[in-house]
Structure formats: C-alpha cells, structure tokens
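Some notes on the structure that comes next.
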C-alpha cells in the first residue's frame, strides 16, 4: 500500500492510501494549508496502523481475529 499526497483545486494538501492495484482504500478527510501538516497526518495514521478493533454495524464489536471484545 502507498500513501499519495497531492494538492487539490484550491491549493490545500490532501492524502489518500492506495492498494497495489490503485484502488483508494482511505482518503484524508481534510485539506491542509501546509504540505508538512499533511505529512504529519499520514505519520499519525501509520502509527495507529495496528487497529485492535473492528466496528461491525450489524453485531458486537470484535477484534480483527474475530474474538469477542467485552
């Protein structure tokens, strides 16, 4: 997977995460006036990359392995 940084039409910096096939898996929700702030946002996402929880709108919250979480 690869993070891409780009400038939008109004000059704000944005990011998205792409799969190897080019599909966008995640898109940053806001634009940043400074490129460095965009890079820092990507670093925060990468640091939180081991998400222990999966939110299931149709049942209980479970861990990635499928085990029930209290």
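Residue numbers (this note's numbering): 1067 to 1136. Idealized CB from N, CA, C, for every residue including glycine.
Among the residues of its own chain, which have a CB less than 8 Å from the CB of residue i, if the five just before and after it don't count?
{"i": "residue 1085", "result": "1067 and 1091"}
{"i": "residue 1079", "result": "1071, 1072, 1073, 1097, 1098, 1099, 1100, 1101, 1103 and 1104"}
{"i": "residue 1076", "result": "1097"}
If we ignore side chains and look at the alpha-carbon of each, how far apart do residue i and residue j end up?
{"i": "residue 1114", "j": "residue 1095", "result": "16 Å"}
{"i": "residue 1136", "j": "residue 1106", "result": "Its pLDDT being 48, under 50, residue 1136 is placed unreliably by the model, and the measurement read from it follows with that caveat. Going from the Cα of residue 1136 to the Cα of residue 1106 covers about 33 Å."}
{"i": "residue 1108", "j": "residue 1069", "result": "8 Å"}
{"i": "residue 1081", "j": "residue 1093", "result": "6 Å"}
{"i": "residue 1110", "j": "residue 1083", "result": "13 Å"}
Kindly identify the DSSP beta-bridge partner or partners of residue i.
{"i": "residue 1083", "result": "1069 and 1092"}
Looking only at its own chain, which residues have a Cβ that is under 7 Å from the Cβ of residue i, when we skip the five neighbours before and after it?
{"i": "residue 1112", "result": "none"}
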